[in-house]
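K.L.:
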Amino acid sequence: DRGLARLRALLRCEPPGRTEANWDWRLETPPIRAAIKARTASPDGTYNGYPVLPTYWGAYCLDGLAMALWSLWHSTSFDDALWLVVNLLGDADTTGAIACQMAGALYGLDGIRAGALGAVCLRNLREWDPYCEIGLRALLLYAVPPRPWDDAGSS
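So the mapping is simple: this note's numbering equals the position in the sequence shown, first residue as 1, plus 368.
1) Going by alpha carbons, who is nearest to A449 out of L430, Q469, D459 and G458?
2) Could you check what DSSP says for W462 in three-state terms: helix, strand or coil?
3) List the residues that DSSP assigns as beta-bridge partners of T414.
4) Can you give the Cα-Cα distance for I404 and L508, rounded to whole angstroms?
5) When the Cα atoms are used, what is the spatial distance from L493 to Y499?
6) Have a look at Y510 and I480 and give me their C-alpha separation to the nearest angstrom.
7) Locate the alpha helix (DSSP H) running through C500, then write down its first and last residues.
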């Protein structure tokens, strides 16, 4: 009976429990506060056994994906998607990476404008990667794609 009830809940898009949310990225405002409140309601301050901070949001993969989809739905450009998702705070680098991968696919390479954000990114990249290892690795992956393991020589 429990399995059947869970299957019905899945088919109806019902949340599996009081601490979860069914994300509708078309909403004008994502239900962040309600989800955090539900997750921090535990007497020991944990969610699924892990500590929960009310300011840390988006690390859970479905939350991150929902936040990324929300930013894409409400954006008109790559830059919009990026700014919308990172300003939701929480795990902004992860949600930004998810949203920007999808925004790049949606808006295309020409849709990514460097502008002021690009200048900041380049400045940070020069500081964090002075030997251009990231760019070189990307170039190598493009020029010499990875090959499947060659098992012929292994014993």
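C-beta atoms are modelled at their ideal positions from N, C-alpha and C, and glycine is treated no differently.
P.N.:
Looking at the atomic coordinates:
1) Locating residue 449 in the sequence shown gives position 81, where the first residue counts as 1. Measuring from the Cα of A449, the nearest candidate turns out to be Q469.
2) In the sequence shown, counting from the first residue as 1, residue 462 sits at position 94. According to the sequence displayed, residue 462 carries Thr and not Trp. Here T462 sits in helix by DSSP.
3) Here residue 414 refers to the residue found at position 46 when the sequence shown is read from its first residue. T414 is bridged to P419.
4) The sequence position of residue 404 within the sequence shown is 36, counting from 1. The sequence position of residue 508 within the sequence shown is 140, counting from 1. Straight-line Cα distance between these residues: approximately 42 Å.
5) By 1-based counting over the sequence shown, the position of residue 493 is 125. By 1-based counting over the sequence shown, the position of residue 499 is 131. If I take the Cα positions, the gap works out to 10 Å.
6) The residue labelled residue 510 in the question sits at position 142 within the sequence shown. The residue labelled residue 480 in the question sits at position 112 within the sequence shown. Cα-Cα distance, rounded: 20 Å.
7) What you label residue 500 is simply residue 132 of the sequence shown in a count that begins at 1. That residue, C500, is in no alpha helix (DSSP H); it is neither H nor E in DSSP.
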